[in-house]
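Some notes on the structure that comes next.
2 protein chains.
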Amino acid sequence: MAKQVKKEDSAGTQVMLDDKDLSILRLLQQNARITVKEISDKVHLSTTPIHERIRRMEETGVIRQYAALVDHARVKKGLTVICYVSLKQHNRNAGARFIKSILDMPEVIECYNISGEFDFMLKVVAENMDAYYDFHVNKLSQAENLGHVQSIFVMGVIKQVQVSI
Amino acid sequence: MAKQVKKEDSAGTQVMLDDKDLSILRLLQQNARITVKEISDKVHLSTTPIHERIRRMEETGVIRQYAALVDHARVKKGLTVICYVSLKQHNRNAGARFIKSILDMPEVIECYNISGEFDFMLKVVAENMDAYYDFHVNKLSQAENLGHVQSIFVMGVIKQVQVSI
DNA sequence: ACTGAAAGACACAGACT
DNA sequence: AGTCTGTGTCTTTCAGT
Numbered sequence: 001m002a003k004q005v006k007k008e009d010s011a012g013t014q015v016m017l018d019d020k021d022l023s024i025l026r027l028l029q030q031n032a033r034i035t036v037k038e039i040s041d042k043v044h045l046s047t048t049p050i051h052e053r054i055r056r057m058e059e060t061g062v063i064r065q066y067a068a069l070v071d072h073a074r075v076k077k078g079l080t081v082i083c084y085v086s087l088k089q090h091n092r093n094a095g096a097r098f099i100k101s102i103l104d105m106p107e108v109i110e111c112y113n114i115s116g117e118f119d120f121m122l123k124v125v126a127e128n129m130d131a132y133y134d135f136h137v138n139k140l141s142q143a144e145n146l147g148h149v150q151s152i153f154v155m156g157v158i159k160q161v162q163v164s165i
Numbered sequence: 001m002a003k004q005v006k007k008e009d010s011a012g013t014q015v016m017l018d019d020k021d022l023s024i025l026r027l028l029q030q031n032a033r034i035t036v037k038e039i040s041d042k043v044h045l046s047t048t049p050i051h052e053r054i055r056r057m058e059e060t061g062v063i064r065q066y067a068a069l070v071d072h073a074r075v076k077k078g079l080t081v082i083c084y085v086s087l088k089q090h091n092r093n094a095g096a097r098f099i100k101s102i103l104d105m106p107e108v109i110e111c112y113n114i115s116g117e118f119d120f121m122l123k124v125v126a127e128n129m130d131a132y133y134d135f136h137v138n139k140l141s142q143a144e145n146l147g148h149v150q151s152i153f154v155m156g157v158i159k160q161v162q163v164s165i
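From first to last, the protein sequence lines are chains C and W. If you count by the UniProt record's numbering, then the first sequence holds residues 1 to 165, one letter each, in order. If you count by the UniProt record's numbering, then the second sequence holds residues 1 to 165, one letter each, in order.
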């Protein structure tokens, strides 16, 4: 089992899932490396339909990716920062250029378009405060059309789960 | 390959990883279902050491979990909300009770202790605005010792990656 | 620490109900 | 829709370097 998930880009299309799909999905959210055989034992179906249902959820983009989740505190990325950004101008091109520059910054592991005072929320991981300062001053602040930036530091992780359905 | 990752709870202990470990980790962050054989081809080692290195990273808590990442927009959880919460009192017991109640709310998929004006940041997924309103009024706001709540709505996902090292 | 081999388990496709 | 069966591939362990 080695292939990457390929996302079909019919953006935002709802996919109908029955109870068995949801059971399978929950198991995969908890443990992406569970075997099809184990799923089939728990869901009371043989392996073939499990296979087909997983393949369908991969192809329709319900399953975006299988990922190993890393404890950043243990691998020299101890600092997580929530970063709010507003742009000076809000035309389409300005936004697109900012997004493009964000996609190229490996420190930024999440970015959302948000409502309210700011335009974007970023989740940034860095080795330490010096590294974050460098990112802030030399990378993020160099993005053209940047307005205001506000940084909020994560002091502790209370909860991080994937099971959402 | 079916076992869950077991986290050793020597909280926050740094784990030393060499370049080969990091290569393996990057591959697993991109695709948790990659085969050991494929990793061994890319990292130029045979399967045995790959196995041992992965097992070590699982046992030391570097790899927290293998997870299928779901596109919430496609599975009737179209609304993501960033939610800031402050408490009235900041003693240890009050915080612990709030955390306990958060851990019991399936709508809350992430929760962080943060610096600044608010005490916690939550990421909440809901089916729609009605469902979020219900969560806000009937669940979150019922938590004892709750001060202020501010909701920021996610209008679009720009980036969500796992590769952080 | 690593290589190579070998046994058992698994994924995945095919024929069938 | 699903079960059953088979083949090739993978995981995982172990002896050896």
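Just so it is clear, CB atoms sit at the ideal spot from N, CA and C, and this is done for glycine as well. Predicted model only: the values in this text are computed from it and were never measured.
| Asked | Found |
| --- | --- |
| Taking the alpha-carbon of Val62(W) as reference, which of Val70(W), Asp18(W), Asn145(W) has the nearest alpha-carbon? | Asp18(W) |
| Quick check on DSSP: helix, strand or coil for Phe120(W)? | strand |
| Run through the UniProt domain "HTH asnC-type" (17 to 80) of chain W for me and flag every whole alpha helix (DSSP H) of 4 or more residues, listed as ranges in chain order. | 19 to 30, 36 to 43, 47 to 59 |
| Does DSSP put Ile82(W) in a helix, in a strand, or in coil? | strand |
| For Cys111(W), return the contacting residues in chain C, with the cut-off set at a CB-CB distance below 9 Å. | Val157, Ile158, Lys159, Gln160 |
| Determine the direct distance from the alpha carbon of Leu122(C) to that of Met121(W), and round the result to whole angstroms. | 13 Å |
| I'd like to confirm the pairing. Which residues does DSSP put opposite Gly156(W) in its beta bridges? | Asn113(C) |
| Is Leu28(W) close to chain C, meaning its C-beta is less than 8 Å from at least one C-beta of that chain? | yes |
| Check whether the Cβ of His51(W) lies closer than 7 Å to any heavy atom of the ligand NAP, and answer yes or no. | As for the ligand NAP, it is missing from this structure, which has no ligand bound. |
| Enumerate in chain order the residues of its own chain whose CB-to-CB distance from Thr80(C) is below 6 Å, with the five nearest sequence positions on each side excluded. | Val125, Val154 |
| How about the region 31 to 49 of chain W and the region 63 to 75 of chain C: do they share at least three Cβ pairs that are nearer than 8 Å? | yes |
| Can you grab the Cα-Cα spacing for the pair Val137(C) / Gly78(C), in whole Å? | 19 Å |
| Alpha carbon to alpha carbon, what distance is there between Leu27(W) and Met1(W)? | Low per-residue confidence applies at Met1(W): pLDDT is 48, beneath 50, and the placement is therefore not dependable, though the value from the model is reported in the following sentence. Going from the Cα of Met1(W) to the Cα of Leu27(W) covers about 17 Å. |
| Just verifying my parser: in three-state terms, what is the DSSP assignment at Val137(C)? | helix |
| Around the C-beta of Ser46(W), are 16 or more other C-beta atoms found within 10 angstroms, so that it is buried, or is it exposed? | exposed |
| Return the residues of the region 131 to 154 of chain W that lie within a Cβ-Cβ distance of less than 7 Å from chain C, sorted by chain order. | Ile152, Phe153, Val154 |
| Going along chain W, which residues have a C-beta under 7 Å from Met129(C)? | Going along chain W, no residue has its Cβ under 7 Å from Met129(C), so there is no contact; the nearest lies around 12 Å. |
| Can you grab the Cα-Cα spacing for the pair Ile82(C) / His90(W), in whole Å? | 22 Å |
| Below 8 Å between beta carbons: does that hold for Tyr84(W) and Val157(C)? | no |
| Would you be able to state if there are at least three C-beta pairs under 8 Å between the region 101 to 110 of chain W and the region 134 to 149 of chain W? | yes |
| Rounded to the nearest angstrom, how far is the Cβ of Val5(W) from that of Glu58(W), given a contact under 8 Å? | 5 Å |
| Can a CB atom of chain C be found closer than 8 Å to the CB of His44(W)? | no |
| So, does the CB of Thr48(W) fall closer than 8 Å to a CB anywhere in chain C? | no |
| Give a yes or no on whether the minimum CB-CB distance between Asp19(C) and chain W is below 8 Å. | no |
| Assuming Leu87(C) and Asp119(C) form a contact by the criterion Cβ under 8 Å, report the distance between their Cβ atoms to the nearest whole angstrom. | 5 Å |
| Under three-state DSSP, which class holds Ser101(C)? | helix |
| Which of the three DSSP states is assigned to Ala143(C) in this structure? | coil |
| Could you tell me whether the Cβ atoms of Val75(C) and Val163(W) are closer together than 8 Å? | no |
| Do the CB positions of Val43(W) and Ile54(W) come within less than 8 Å of each other? | no |
| Any C-beta of chain W sitting closer than 8 Å to the C-beta of Gln89(C)? | no |
| Starting from the beta carbon of Ser164(C), find every residue of chain W whose beta carbon is closer than 7 Å, and list them in chain order. | Val70, His72, Lys77, Ile109, Val125 |
| When the cut-off is 8 Å and only beta carbons count, does Val85(C) lie next to chain W? | no |
| Once the 5 residues before and after Lys159(W) are set aside, which same chain residues still bring their CB inside 7 Å of it? | none |
| Using a Cβ-Cβ distance under 8 Å, would Arg33(W) count as near chain C? | yes |
| Who pairs with Ala126(C) in a beta bridge, going by DSSP? | Leu79(C) |
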